[in-house]
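To start, the structure itself, in structure tokens.
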Amino acid sequence: MRFGITSVENGPEAAKMGYDYLEVNASNLSKLSEQEFETALEQIRQCGLPAESSNVLFHDIDLLTDEGMARVESYLRDTLGRLQRIGVKLVVFGSGSARRKPEDMPFIEGWKRLREVTRMIGMIAGEHGMEVAVEPLCRAETNLINTVTEGAMLAAAVDLPNVWVLADSYHMFKDDEPMEHLRTVGRLNHVHVALREGRCYPTYAEGQMRLFMNELRAIGYEGRVTIEASSRCFAYEGPLALQVLRNL
């Protein structure tokens, strides 16, 4: 497995600690002016880690509404174009509030719209040589695609070779999702990790994280694992978490 972080500012330290890559925030990059983006691009290039993946694809678009769906293609072409310039190879589609189904929308209509949006993400990402990882999120954050198995079903319904599903330990822990779902799905194209309490760096080998990592190894997962978590002191927690994850 290869391990990454989400903070550009910690890149130089993380590179010295032995981390492998950086995961950047797509929606933050999309909001920048061209001059601001060029500055951010140079900071990323100088941080010591390659920016191989991205998260938070959408922020202020209600994807399943008529207005939101009309904005998606233009937004994706601009944003994924920037991510390609950075070197991103995999785009995470989480964005729970953006993909939330309106309460008055029938479930099947919401599902169909989400499938359409996910297919568009996959097609445009494919044009840029990128994979897409559908991210299941806990029920507190969204009302569609809450489990790894549901994420795999959405990816299967989209039926594009570059679209599959990730597993996020924090979201699985929050909703008490069975770890067996990882074996049910059988393969993943990305992973996020954080402890359940406080969504913190995994600086100790607690039971749930051990089970999660055991299941990843059981299905032969050897891909990227991003620590998507808060840190009070990265200089202390960064190397500890890396050691814990490698030893689990």
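In this note's numbering, the protein residues as written are 22 to 269.
Note that the Cβ used here is the ideal one computed from N, Cα and C, for glycine as well.
None of these values were measured; they are calculated from a predicted model.
Would you decide whether residue i is buried or exposed? Buried here means 16 or more other CB atoms lie within 10 Å of its CB.
i	result
residue 31	buried
residue 156	buried
residue 73	buried
residue 259	buried
residue 205	exposed
residue 82	buried
residue 35	buried
residue 59	exposed
residue 198	buried
residue 215	buried
residue 103	buried
Which of helix, strand or coil does DSSP assign to residue i?
i	result
residue 166	coil
residue 79	coil
residue 245	strand
residue 73	strand
residue 43	strand
residue 116	coil
residue 226	coil
residue 206	helix
residue 111	strand
residue 251	strand
residue 154	strand
For residue i versus residue j, is the C-beta distance shorter than 7 Å?
i	j	result
residue 109	residue 153	no
residue 224	residue 262	yes
residue 65	residue 101	no
residue 122	residue 131	yes
residue 249	residue 213	yes
residue 160	residue 196	yes
residue 77	residue 118	no
residue 178	residue 184	no
residue 23	residue 245	yes
residue 226	residue 186	no
residue 220	residue 191	yes
residue 69	residue 33	yes
residue 166	residue 207	no
residue 84	residue 120	yes
residue 29	residue 93	no
Which two residues bound the contiguous beta strand (DSSP E) that contains residue i?
i	result
residue 189	184-189
residue 214	211-214
residue 25	23-26
Give the range of the alpha helix (DSSP H) segment to which residue i is assigned.
i	result
residue 148	128-148
residue 256	255-268
residue 35	32-38
residue 61	55-66
Leaving out five residues on either side along the sequence, give the residues of the same chain with a beta carbon under 6 Å from the beta carbon of residue i.
i	result
residue 276	The requested residue 276 does not occur in the structure, where the chain is confined to residues 22 to 269.
residue 27	44 and 249
What does a CB cutoff of less than 7 Å around residue i pick up in its chain, not counting 5 residues either side in sequence?
i	result
residue 61	50 and 53
For residue i, which residues from the same chain have a beta carbon less than 8 Å from its beta carbon, with the 5 sequence-adjacent residues on both sides left out?
i	result
residue 201	236
Measure from the C-beta of residue i to each C-beta in chain D and report whether the shortest distance is under 7 Å.
i	result
residue 31	The structure shown has no chain D; it contains just one protein chain.
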